[in-house]
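**Q** Just so we're aligned: 409 in my numbering is position 408 of the sequence shown, and the numbers increase by one with no gaps anywhere. Just so you know, even glycine gets a beta-carbon here, dropped at the ideal spot from N, CA and C. One structure coming up, written as structure tokens, with questions to follow.
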Amino acid sequence: NITPTINKMNKKTMIHRNYYQLLLIQIMMLMLAFLRTTGASYSRQIRPAFIAHHHQHQERQQHQVKQHDHHRYTNIRQALHSTTDKSTSDVADVDVGNAVDATKQKNDDGNNNNNNEADEATTYTPPWSTPIIASKKFNNSRFRQHVNPLARRYQMSAELPDNWPASVFTNVSRPMYLDIGCGKGGFLLELVGRRHGKQDEQQLEVSDAATTAAGAGAATTDDAEDDGATKKFKVIRDDSYMNSTKSYTDTTSDFLPPEMNYLGLEIRPGVSQYSQQRVTKRGLDGILSFVGCNANVDLDRLLSLYQDAINRSSSGDGDGDGGDDIQLSFVSIQFPDPHFKKSHVKRRVVTPALVKTLAKYMKEGDVVFLQSDIKDALEAMRDQFVEGVGLTYYNEWTGDGATATGGDEEYAMENPLGIPTEREVSVLKKGLPIYRTLFKRNKSPFDDSM
């Protein structure tokens, strides 16, 4: 009979099971008590100390970043001052102004306080005054697409050559063509090259050189051998825009006088310097020049200096009072930055102040030409000329091919100059519309009190 033995074994098993359960419960209670004790200690002592240490670490990192930015900006300024007296042959293609801008732009964006001009003058260098450093790939350099024109550094006046404009224009008595927001200058270079240069011969020479180079298997990369054929082949790469405009007819004689001076304004520092170098390359010195500046800051000063030069050349006195010798004959504002965001609308280039300044230096019949591939951008510019100050001094052109008044043909006038810009060529190739309008200065005398 084994039943009593089995019962005893079951009883012992139950006792052992209960014992281990009780032991496990006691261990868990001890662990819970330990965790409560250490948790209270952590909350009272360790956690506050850890948080304080973390905050101190963050403060040290922020301080180190500020020190690094300060030393970097100081070193750049010292380098710029040390290279100010060097000749232009030592100038390079890397835009040091953009290096300074990369450090200061974030703090400058949207900040247009000029309460302490003396402090700003000692802290900021006009971005257009910084030299660029030459390199092989200068012609293919990429530039910053957008800058904030309201940043403090772009509110500074540009530094001009001594005796400007007589130092850059051979004959300052000629009327002026002004292109605001000229970009890399391709449009003005093409316009002036066609009207005053030997553009056809240059194109033929470059095309022949390119054909020869291609037939001989010449390299087409920037690091190709530097022989004569390769040099000319590189030129055609730089002038691809020029080649794309061959099929467009020059109609500038309908609006422009035979002899003019041409001035392009561009706010991006590296771009304006690059454009000026292309002038010498094309042999157009003396009639074409580019100035890096903020048009809403420097336009009145530039036109006043030009007017003074005209008055001195004609009568010997430079009062610059806007008399009969005013020669701002044609102004173009083409494809400006649209600044879509509502908070960025104030950055747009066409403002009431700009319209007023143009009216000050234009006489009856002088032209302002506007175009954009964005309808809202064109209408924003047009509104400045049909309202307020613009309404007083300008009339929208209603001649042949002028702005239509409604439907799909609104603002569908032909380009009065015939020669397209780089942006215009790109848009037309895509089959997209371009919106244009044109204004002429009326006979209303300028009133500075308005």
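Tell me which same chain residues have a C-beta within less than 6 Å of the C-beta of P337, skipping the five on either side of it?
**A** The residue labelled residue 337 in the question sits at position 336 within the sequence shown. For P337, where only same-chain residues beyond five positions count, the Cβ hits under 6 Å are G182 and V350.
**Q** If you draw a straight line from the alpha carbon of N295 to that of I52, how long is it in whole angstroms?
**A** Here the question's residue 295 lines up with position 294 in the sequence shown. Here the question's residue 52 lines up with position 51 in the sequence shown. Cα-Cα distance, rounded: 48 Å.
**Q** For the alpha helix (DSSP H) containing N295, name the first residue and the last one.
**A** As a first step, residue 295 must be located in the sequence shown, where it is residue number 294. Element bounds for N295: n/a, residue is neither H nor E.
**Q** Would you please state the rounded distance, in angstroms, between the beta carbons of G293 and S273? I believe it to be under 8 Å.
**A** Locating residue 293 in the sequence shown gives position 292, counting from the first residue. Locating residue 273 in the sequence shown gives position 272, counting from the first residue. Correct: roughly 3 Å between the Cβ atoms.
**Q** Tell me whether V428 sits in a helix, a strand or coil according to DSSP, three-state version.
**A** Position 427 of the sequence shown, counted from the start, is the residue given in the question as residue 428. Helix at V428.
**Q** Let me check one thing: in DSSP terms, what residues is L264 bridge-paired to?
**A** In the sequence shown, the residue the question calls residue 264 occupies position 263. The partner list for L264 (beta bridge, DSSP) reads L179 and S290.
**Q** Hey, I420 and T253 are a contact pair by Cβ (cut 8 Å); roughly how many whole angstroms apart?
**A** Position 419 of the sequence shown, counting from 1, holds the residue named residue 420. Position 252 of the sequence shown, counting from 1, holds the residue named residue 253. Between T253 and I420 the Cβ distance is about 7 Å, and since that is below 8 Å, they are a contact.
**Q** Going by DSSP, what residues sit across from V346 in a beta bridge?
**A** Here the question's residue 346 lines up with position 345 in the sequence shown. Per DSSP, none; premise fails for V346.
**Q** Report the three-state DSSP secondary structure of Y275 (helix, strand or coil).
**A** The count along the sequence shown starts at 1 and reaches residue 275 at position 274. Three-state result, Y275: helix.
**Q** Opposite N396 in the DSSP bridges: which residues?
**A** Locating residue 396 in the sequence shown gives position 395, counting from the first residue. Per DSSP, K441.
**Q** Could you check the C-alpha separation between K342 and P417 for me, to the nearest Å?
**A** Numbered from 1 along the sequence shown, position 341 holds the residue referred to as residue 342. Numbered from 1 along the sequence shown, position 416 holds the residue referred to as residue 417. Computed Cα separation, rounded: 31 Å.
**Q** How would you label D367, buried or exposed, when you count the other beta carbons within 10 angstroms and need 16 or more for buried?
**A** Taking the sequence shown and counting its residues from 1, one reaches residue 367 at position 366. Answer is buried; the Cβ neighbour count reaches 16.
**Q** So, using beta-carbon positions, are R283 and G198 closer together than 8 Å?
**A** The residue labelled residue 283 in the question sits at position 282 within the sequence shown. The residue labelled residue 198 in the question sits at position 197 within the sequence shown. In contact: R283 and G198 (Cβ atoms closer than 8 Å).
**Q** DSSP state of Q59, grouped into three classes?
**A** Along the sequence shown, one-based indexing puts residue 59 at 58. Correct three-state label for Q59: helix.
**Q** Determine the DSSP secondary structure at F370, reduced to helix, strand or coil.
**A** Translated into positions along the sequence shown, residue 370 becomes position 369. Three-state DSSP puts F370 in a strand.
**Q** Start and end of the alpha helix (DSSP H) containing L379?
**A** To locate residue 379, count along the sequence shown from 1; it is residue 378. First-last of the alpha helix (DSSP H) with L379: K376 to V387.
**Q** Within 10 angstroms of its Cβ, does F331 collect 16 or more other Cβ (buried), or is it exposed?
**A** As a first step, residue 331 is located in the sequence shown; it is residue number 330 there, counting from the start. Buried, by the Cβ-count rule.
**Q** Hey, would you say R279 sits closer than 8 Å to L190, going by beta carbons?
**A** Translated into positions along the sequence shown, residue 279 becomes position 278. Translated into positions along the sequence shown, residue 190 becomes position 189. Going by C-beta atoms, R279 is nearer than 8 Å to L190.
**Q** Would you kindly work out how many angstroms separate the C-alpha atoms of T422 and M177, rounded to a whole number?
**A** Position 421 of the sequence shown holds residue 422. Position 176 of the sequence shown holds residue 177. Distance between the alpha carbons of T422 and M177 is about 19 Å.
**Q** Using DSSP's beta-bridge definition, name the partner residues of I28.
**A** Translated into positions along the sequence shown, residue 28 becomes position 27. Bridge partners of I28: none, in fact.
**Q** Would you call the segment 142-157 and the segment 390-398 touching, i.e. three or more CB-CB distances under 8 Å?
**A** No: fewer than three Cβ pairs fall under 8 Å.
**Q** Please say whether S290 and L329 have beta carbons closer to each other than 8 Å?
**A** Reading the sequence shown from its first residue, position 328 is the one you call residue 329. Reading the sequence shown from its first residue, position 289 is the one you call residue 290. No, Cβ-Cβ distance for L329 and S290 is not below 8 Å.
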